[in-house]
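This report refers to the structure that appears directly beneath it.
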Amino acid sequence: MTAEERGKAVTEAAHRRLIGSVQVSESDLRDLAQRRAAAILGYLNRQGGIDVARMFLQEAETTVNPTEGMVRTRLGLTAR
Numbered sequence: 347m348t349a350e351e352r353g354k355a356v357t358e359a360a361h362r363r364l365i366g367s368v369q370v371s372e373s374d375l376r377d378l379a380q381r382r383a384a385a386i387l388g389y390l391n392r393q394g395g396i397d398v399a400r401m402f403l404q405e406a407e408t409t410v411n412p413t414e415g416m417v418r419t420r421l422g423l424t425a426r
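This is the structure we're talking about:
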């Protein structure tokens with residue numbers, strides 16, 4: 347095994363241990379989704395020139411898929 351392969355194996359093992367030791371609650375996921383949505387809203391206002399009065403945030407809905415190791419959050423945009 348080369349030094350590069352050993353380094354990669356160590357990094358992957360550390361990543362697996364870290365992922366296994368961190369507990370993320372539904373509340374944490376919802377908070378993250380809300381902060382991301384607020385960042386998108388701010389970006390659309392600053393870069394797209396869309397008035398904030400025309401945009402609003404809704405309650406975040408998250409779907410955890412443990413087999414994929416992913417959390418999906420739906421983002422909806424509607425023009426008024």
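This note's numbering puts the first residue of the sequence shown at 347, with every later residue one more than the last. Yeah, the Cβ is synthetic: ideal placement off N, Cα and C, and Gly gets one too.
Cβ separation of residue i and residue j, assumed to be a contact under 8 Å, to the nearest whole Å
i, j, result
"residue 403", "residue 385", "In fact, because the Cβ distance is near 11 Å, the residues do not count as touching under 8 Å."
"residue 375", "residue 417", "6 Å"
Identity of the residue in the options nearest residue i by Cα
i, options, result
"residue 371", "420, 392, 409, 382", "409"
"residue 381", "406, 351, 422, 354", "406"
Outcome for residue i when other beta-carbon atoms lying within 10 angstroms are tallied against a minimum of 16
i, result
"residue 379", "buried"
Residues bridged to residue i (per DSSP)
i, result
"residue 363", "According to DSSP, residue 363 bridges with nothing at all."
"residue 418", "409"
Nearest-angstrom Cα separation, counted from residue j out to residue i
i, j, result
"residue 388", "residue 357", "36 Å"
"residue 421", "residue 348", "44 Å"
"residue 355", "residue 373", "33 Å"
"residue 400", "residue 368", "38 Å"
"residue 350", "residue 361", "16 Å"
"residue 395", "residue 423", "15 Å"
"residue 377", "residue 393", "24 Å"
"residue 398", "residue 391", "6 Å"
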